[in-house]
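J.:
There are 2 protein chains.
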Amino acid sequence: MPENILINKISAGDRRSIARSISVVESGNDNSTKLIKEIFSKTGNAYRIGITGPPGAGKSTITNQLTKLFRKQNKKVGIIAVDPTSPFTGGALLGDRVRMNDIGMDKGVFIRSMATRGSLGGLSKKAIDAADVLDAAGFDIIIFETVGVGQSELDIVQAADTTIVVLVPESGDSVQAMKAGLMEIADFFVLNKSDRPGSQQAYTALQTILMIKDHDDNSWLPKIIKAVATENKGIDETVDEIERHRNFMNYNNLFMAKREKQAKVRIKEIVEHKLKDKLWSETGENSLNLSLKKVILGNFSPYHIAEEIIKEFKNRI
Amino acid sequence: MPENILINKISAGDRRSIARSISVVESGNDNSTKLIKEIFSKTGNAYRIGITGPPGAGKSTITNQLTKLFRKQNKKVGIIAVDPTSPFTGGALLGDRVRMNDIGMDKGVFIRSMATRGSLGGLSKKAIDAADVLDAAGFDIIIFETVGVGQSELDIVQAADTTIVVLVPESGDSVQAMKAGLMEIADFFVLNKSDRPGSQQAYTALQTILMIKDHDDNSWLPKIIKAVATENKGIDETVDEIERHRNFMNYNNLFMAKREKQAKVRIKEIVEHKLKDKLWSETGENSLNLSLKKVILGNFSPYHIAEEIIKEFKNRI
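Residue numbers (my numbering), protein chains in the order written: chain C, 194 to 510; chain F, 194 to 510.
#1: When you compare only the Cα positions, how much space is there between C:L468 and F:I502?
#2: Nearest chain C C-beta to F:I334 closer than 9 Å, yes or no?
#3: How far does the alpha helix (DSSP H) with F:F332 in it reach, from first residue to last?
#4: Let's test the definition: count the other Cβ atoms within 10 Å of the Cβ of F:G251 and tell me whether it reaches 16, buried, or not, exposed.
#5: Mind listing the chain C neighbours of F:A456? Cutoff is C-beta to C-beta under 7 Å, in chain order.
#6: Quick one: is the Cβ of F:N443 within less than 8 Å of any heavy atom of the ligand GDP?
#7: Is there a Cβ of chain C sitting closer than 9 Å to that of F:K300, yes or no?
#8: For C:A324, count the other beta carbons within 10 Å of its own beta carbon; 16 or more makes it buried, fewer makes it exposed. Which is it?
#9: Starting from F:M307, trace the beta strand (DSSP E) both ways and give me its first and last residue.
#10: Going by DSSP in three states, F:K386 sits in which element: helix, strand or coil?
#11: Does F:D289 come out as helix, strand or coil in the three-state DSSP assignment?
#12: State the start and end residues of the unbroken beta strand (DSSP E) segment that holds F:K419.
#13: For F:K203, collect the residues of the same chain with a Cβ closer than 7 Å to its Cβ; drop the 5 residues on either side in sequence, then sort them by chain order.
#14: Evaluate C:M449 with the Cβ neighbour count: other Cβ atoms within 10 Å of its Cβ, from every protein chain shown; 16 or more gives buried, anything less gives exposed.
#15: Quick check on the burial criterion: 16 or more other C-beta atoms within 10 angstroms. Buried or exposed for F:I460?
#16: So C:V359 and C:N385 are supposed to be a Cβ contact under 8 Å. How far apart are they, rounded?
#17: Rounded to whole angstroms, what is the Cα-Cα separation between C:R509 and C:R305?
#18: So who's on the other strand from F:T245, going by DSSP bridges?
#19: Are the beta-carbon atoms of C:G301 and C:K268 separated by less than 9 Å?
#20: Which residues in chain C have a C-beta closer than 7 Å to the C-beta of F:S234? List them in chain order.
#21: Check each candidate in C:G427, C:Y444, C:N492 and name the one with the smallest Cα separation from C:T256.
#22: According to DSSP, F:A274 sits in a beta bridge with which residue or residues?
#23: Any idea which residues DSSP pairs F:F381 with across the strands?
#24: In chain order, what residues of the region 459 to 473 of chain C put their CB closer than 8 Å to some CB of chain F?
#25: What residue range is occupied by the uninterrupted alpha helix (DSSP H) comprising F:M442?
#26: Select from C:K457, C:K319, C:N443, C:G374 the residue whose C-alpha is nearest the C-alpha of C:T245.
#27: Is it true that the region 423 to 441 of chain C meets the region 391 to 400 of chain C, where meeting means three or more beta-carbon pairs spaced less than 8 Å apart?
#28: Among C:Q351, C:K230, C:S317, which residue has its Cα nearest to the Cα of C:K454?
#29: For C:W413 versus C:F441, is the C-beta distance shorter than 9 Å?
#30: Between F:S387 and F:A353, how many whole angstroms is the CB-CB distance? I'm expecting something under 8 Å.
#31: Please compile the residues from chain C whose C-beta is within a distance smaller than 7 Å of the C-beta of F:K230.
#32: List the residues of chain F whose Cβ lies closer than 7 Å to the Cβ of C:E338, in chain order.
#33: Output, in chain order, the set of chain F residues within a Cβ distance shorter than 9 Å of C:M449.
#34: Which residues in chain C have a C-beta closer than 8 Å to the C-beta of F:G237? List them in chain order.
#35: Alpha carbon to alpha carbon, what distance is there between F:I463 and F:G243?
#36: Taking 9 Å as the cut-off, decide whether the C-beta atoms of C:Y240 and C:T355 are in contact.
Next comes the structure, spelled out in structure tokens:
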């Protein structure tokens with residue numbers, strides 16, 4: 194269908210057009226660029242929430258419960274769930290998504306799973322583009338849900354207005370979260386499964402770590418909310434805390450700086466992605482494949498070959 | 194000191210020169226390129242082992258025990274331990290390294306921790322360069338130890354000749370490992386802490402998953418070795434399995450294909466890294482910063498700005 198019709202249909206909230214548009218941005222080709230350029234003026238209205246944490250912390254359940262609550266407030270919710278992919282099999286492993294069945298039938302909810310695809314990356318670019326589609330389609334809330342295990346996953350949740358890190362009271366979980374870089378990106382924490390033994394110790398440990406760490410903007414101290422998401426406990430408090438963070442950011446004029454920082458990261462990723470595409474086009478791959486033998490035979494180092502390839506790239510960029 | 198002297202000192206196994214050279218490759222600047230080019234002809238003799246797995250699986254302990262065993266065989270061992278870094282604080286979190294104290298004083302062992310630094314990446318490039326330094330310095334065995342949580346960590350262990358995935362018998366651990374892409378990169382598994390309850394079930398679950406999955410080269414079936422690394426159980430078997438895998442690869446002429454694949458990944462990363470460096474030099478950053486306001490004000494999409502930057506890059510590359 195002609196583009197302007199597609200864009201009108203997105204704006205009207207047509208689900209098939211939204212799904213198609215997200216497939217276009219997932220493909221990451223020139224149509225994707227064209228689409229985002231066209232819809233960009235219609236974006237900027239949705240509030241974006243990032244939910245991350247270690248595997249098994251209950252992120253999907255929390256996303257599910259938050260969505261139900263937002264729906265009661267009559268807000269439309271778009272969910273972008275990013276699953277780590279096996280580099281060999283390709284597709285996302287969608288086990289967790291199954292739990293979302295009870296919200297999946299709601300017309301005011303749109304759920305999309307996205308998979309990491311190989312090391313060429315571009316994952317956060319695609320997830321943020323998909324959020325733009327949902328934003329333009331009039332969703333009030335967009336939730337990025339992703340396991341906090343790699344840089345590109347962290348990039349995604351940092352593209353949110355409010356970022357929530359979900360932990361469970363396993364021994365050492367907060368230390369592992371700190372190692373994975375999750376502590377600094379949290380606007381607040383949800384300590385899920387807090388009916389488990391050891392929950393109070395985990396709470397105290399987390400609080401101790403928070404106290405010794407500097408946070409990004411000094412006046413905001415990330416809170417810890419205790420939750421049992423499967424029993425819907427702590428969900429109201431989570432929504433309240435999102436609201437409190439939003440108000441804090443607005444009141445202190447911090448949104449502009451945050452958005453600028455996010456735009457910078459996003460533009461960099463787009464530029465790098467486009468250059469890579471050109472670089473490893475058929476010509477680039479061929480010249481690389483021809484050079485491999487020279488490295489294996491020990492005649493040239495990988496750095497020699499890399500320089501040859503860059504020289505050749507200069508001529509065809 | 195002049196370069197050729199440094200290179201001679203590396204070849205002679207001088208520890209200070211090795212440490213300095215690894216710092217040079219960590220800096221990732223032009224000196225690093227020069228260094229690797231110079232030493233490349235002296236590399237290719239070390240056997241490279243990758244050890245990965247989820248946080249807390251006991252990778253450091255296994256590395257430690259393997260190292261002691263290799264030392265008994267009079268082999269020199271270099272260890273490159275890659276720690277995920279907090280994107281805010283910079284440095285690696287070196288808690289696990291403390292455990293290595295008992296091998297750290299051995300002159301036949303060289304341990305180096307490397308940290309991930311921000312999203313510009315280049316981590317696997319640096320780790321592999323560092324392995325080249327150790328290789329040129331005459332280390333017989335090089336162990337890459339890294340937590341299996343992101344693409345760049347997977348890239349590192351895939352640069353090894355034999356890749357070991359360490360798991361523990363926690364419920365669902367093998368499912369999480371599958372999600373993280375660890376199942377397909379394993380030449381074999383070490384099921385550590387296998388004196389814990391649930392160990393036999395974990396073993397069976399892992400074996401079931403292995404049977405339903407295709408492995409890269411059909412004739413090699415990854416084994417599962419039960420271990421209790423803290424008690425030195427299963428370590429002999431691990432070394433034997435490394436040897437068996439090495440022989441299998443040699444016997445079936447699979448090394449050449451593997452090395453070619455690895456060289457390809459490495460060259461790509463070098464090329465991309467060098468182009469990014471040029472791209473985000475002062476000129477590039479400035480032109481990006483100037484454009485940010487246009488995006489925030491909604492006048493231009495990030496894709497418009499990205500195209501402007503690429504146009505400008507063409508002129509200065």
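Cβ atoms here follow ideal geometry from the backbone N, Cα and C, with glycine treated the same way. Quantities reported herein were computed from a predicted structural model and do not represent experimental measurements.
T.: A quick look at the data gives this:
#1: On the first sequence, residue 468 of chain C is found 275 positions in, with the first residue counted as 1. On the second sequence, residue 502 of chain F is found 309 positions in, with the first residue counted as 1. C-alpha separation (whole angstroms): 11 Å.
#2: Sequence index remark: in the second sequence, residue 334 of chain F carries index 141 (1-based). Taking a beta-carbon distance threshold of 9 Å, F:I334 does not count as an interface residue toward chain C.
#3: In the second sequence, counting from the first residue as 1, residue 332 of chain F sits at position 139. Here F:F332 belongs to no alpha helix (DSSP H), and DSSP marks it neither H nor E.
#4: Walking along the second sequence from the start, residue 251 of chain F turns up at place 58. Answer is buried; the Cβ neighbour count reaches 16.
#5: What you label residue 456 of chain F is simply residue 263 of the second sequence in a count that begins at 1. Residues of chain C whose Cβ lies closer than 7 Å to the Cβ of F:A456 are, in chain order, L485, V488, I489, P495.
#6: With respect to the ligand GDP, the structure offers nothing, as it holds no ligand at all.
#7: Taking the second sequence and counting its residues from 1, one reaches residue 300 of chain F at position 107. No, no contact with chain C.
#8: Taking the first residue of the first sequence as 1, we reach residue 324 of chain C at position 131. Classification for C:A324: buried.
#9: Locating residue 307 of chain F in the second sequence gives position 114, counting from the first residue. Counting along the chain, the beta strand (DSSP E) containing F:M307 begins and ends at 302 to 308.
#10: Taking the first residue of the second sequence as position 1, residue 386 of chain F is located at position 193. Residue state, collapsed to three classes: coil.
#11: Numbered from 1 along the second sequence, position 96 holds the residue referred to as residue 289 of chain F. Summary for F:D289: the model assigns pLDDT 43, below 50, so the residue's position carries little reliability, and this model does not support an answer.
#12: Taking the first residue of the second sequence as 1, we reach residue 419 of chain F at position 226. Per DSSP, F:K419 belongs to the beta strand (DSSP E) from 417 to 419.
#13: In the second sequence, residue 203 of chain F corresponds to position 10, counting from 1. The identity of residue 203 of chain F in the sequence shown is Ile, whereas the question assumes Lys. Correct list, in chain order: S210, I211, S214, I232, V326, A329, A330.
#14: Position 256 of the first sequence, counted from the start, is the residue given in the question as residue 449 of chain C. Taking all protein chains shown into account, C:M449 has fewer than 16 neighbouring C-beta atoms within 10 Å of its C-beta and is therefore exposed.
#15: As a position in the second sequence, residue 460 of chain F is number 267, starting the count at 1. By the neighbour-count rule (16 or more Cβ atoms within 10 Å), F:I460 is buried.
#16: The residue you call residue 359 of chain C lines up with position 166 of the first sequence. The residue you call residue 385 of chain C lines up with position 192 of the first sequence. About 5 Å separates the beta carbon of C:V359 from that of C:N385, a gap short enough to meet the 8 Å contact definition.
#17: In the first sequence, counting from the first residue as 1, residue 509 of chain C sits at position 316. In the first sequence, counting from the first residue as 1, residue 305 of chain C sits at position 112. When rounded, the distance between both Cα atoms is 37 Å.
#18: As a position in the second sequence, residue 245 of chain F is number 52, starting the count at 1. Looking at the DSSP assignment, F:T245 forms a beta bridge with F:T339, F:V358.
#19: To locate residue 301 of chain C, count along the first sequence from 1; it is residue 108. To locate residue 268 of chain C, count along the first sequence from 1; it is residue 75. C:G301 is a Cβ neighbour of C:K268, given a cutoff of 9 Å.
#20: On the second sequence, position 41 is the one that residue 234 of chain F refers to. The answer, in chain order, is G491.
#21: Counting from 1 along the first sequence, the entry for residue 256 of chain C is found at position 63. For the residues C:G427, C:Y444, C:N492, the minimum Cα distance to C:T256 belongs to C:G427.
#22: Within the second sequence, numbered from 1, the residue matching residue 274 of chain F stands at position 81. According to DSSP, F:A274 bridges with F:S306, F:E338.
#23: Numbered from its first residue, the second sequence carries residue 381 of chain F at position 188. Checking the DSSP bridge columns, you'll see F:F381 partnered with F:I357.
#24: Against chain F - using a Cβ distance shorter than 8 Å - the residues of the region 459 to 473 of chain C are R459, I460, K461, I463, V464, E465, K467, L468, K469, L472, W473.
#25: What you label residue 442 of chain F is simply residue 249 of the second sequence in a count that begins at 1. Per DSSP, F:M442 belongs to the alpha helix (DSSP H) from 428 to 444.
#26: The sequence position of residue 245 of chain C within the first sequence is 52, counting from 1. For the set C:K457, C:K319, C:N443, C:G374, the Cα lying nearest the Cα of C:T245 is the one of C:G374.
#27: Result no; under three Cβ-Cβ pairs closer than 8 Å.
#28: Numbered from 1 along the first sequence, position 261 holds the residue referred to as residue 454 of chain C. Per the Cα distances, C:Q351.
#29: As a first step, residue 413 of chain C must be located in the first sequence, where it is residue number 220. As a first step, residue 441 of chain C must be located in the first sequence, where it is residue number 248. Closer than 9 Å, so yes.
#30: Against the second sequence, residue 387 of chain F aligns to sequence position 194. Against the second sequence, residue 353 of chain F aligns to sequence position 160. In this structure F:S387 is not in contact with F:A353, their Cβ atoms being roughly 23 Å apart against a cut-off of 8 Å.
#31: Start at 1 with the first residue of the second sequence, and residue 230 of chain F comes out as number 37. Those within 7 Å of F:K230 in chain C are S494, Y496, H497.
#32: Within the first sequence, residue 338 of chain C is the residue found at index 145, counting from 1. The premise fails here: C:E338 is roughly 14 Å from chain F at the closest Cβ pair, so nothing lies under 7 Å.
#33: Mapped onto the first sequence, residue 449 of chain C falls at position 256. In chain order: I489.
#34: Taking the second sequence and counting its residues from 1, the one referred to as residue 237 of chain F is at position 44. Under the 8 Å cutoff, chain C gives G491.
#35: On the second sequence, residue 243 of chain F is found 50 positions in, with the first residue counted as 1. On the second sequence, residue 463 of chain F is found 270 positions in, with the first residue counted as 1. Between the alpha carbons of F:G243 and F:I463 lies a distance of about 21 Å.
#36: Taking the first residue of the first sequence as 1, we reach residue 240 of chain C at position 47. Taking the first residue of the first sequence as 1, we reach residue 355 of chain C at position 162. Here C:Y240 is near C:T355, since their CB atoms are less than 9 Å apart.
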